[in-house]
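Asks: Residue numbers (my numbering): 58 to 147.
We treat Cβ as the ideally placed atom computed from N, Cα and C, and that holds for glycine.
No experiment lies behind these values; they were computed from the predicted model shown.
(1) Can you name, in chain order, every residue of its own chain whose Cβ lies under 6 Å from the Cβ of residue 132, other than the five neighbours on each side?
(2) Quick check on the burial criterion: 16 or more other C-beta atoms within 10 angstroms. Buried or exposed for residue 113?
(3) Quick check: the Cα distance between residue 103 and residue 128, rounded to an integer number of angstroms?
(4) For residue 99, count neighbouring Cβ atoms within 10 angstroms of its own Cβ and tell me buried if that reaches 16, exposed if not.
(5) Helix, strand or coil for residue 135? Go by DSSP, reduced to three states.
Structure (structure tokens):
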């Protein structure tokens with residue numbers, strides 16, 4: 058996941074090449090009293106290989122790889138417990 062992607066490369070990827078249901082954004086609700094693991098499915102719907110990455114605040118759990126055309130991967134995203142009363146509102 059350290060390969061640089063130029064603005065030209067990004068501009069040549071047509072919409073719909075990567076499918077991540079839901080398609081807009083992923084929100085993990087809090088407060089949570091216990092740890093919970095969410096799963097994100099990523100599908101390469103294009104006709105060429107792509108590199109993908111999921112960035113989280115927990116760097117050790119960031120995931121990335123190369124997906125072949127029509128290949129799907131399932132990524133586990135662990136979320137730590139969060140106590141709103143203790144953490145407070147920023």
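Replies: Quick answer:
(1) Cβ within range, chain order: 97, 111, 120.
(2) Looking at its Cβ environment, which holds fewer than 16 other Cβ atoms inside 10 Å, residue 113 is exposed.
(3) If you take the alpha carbons of residue 103 and residue 128, they lie about 9 Å apart.
(4) Flag for residue 99 reads buried.
(5) Looking at residue 135 - three-state DSSP - the assignment turns out to be strand.
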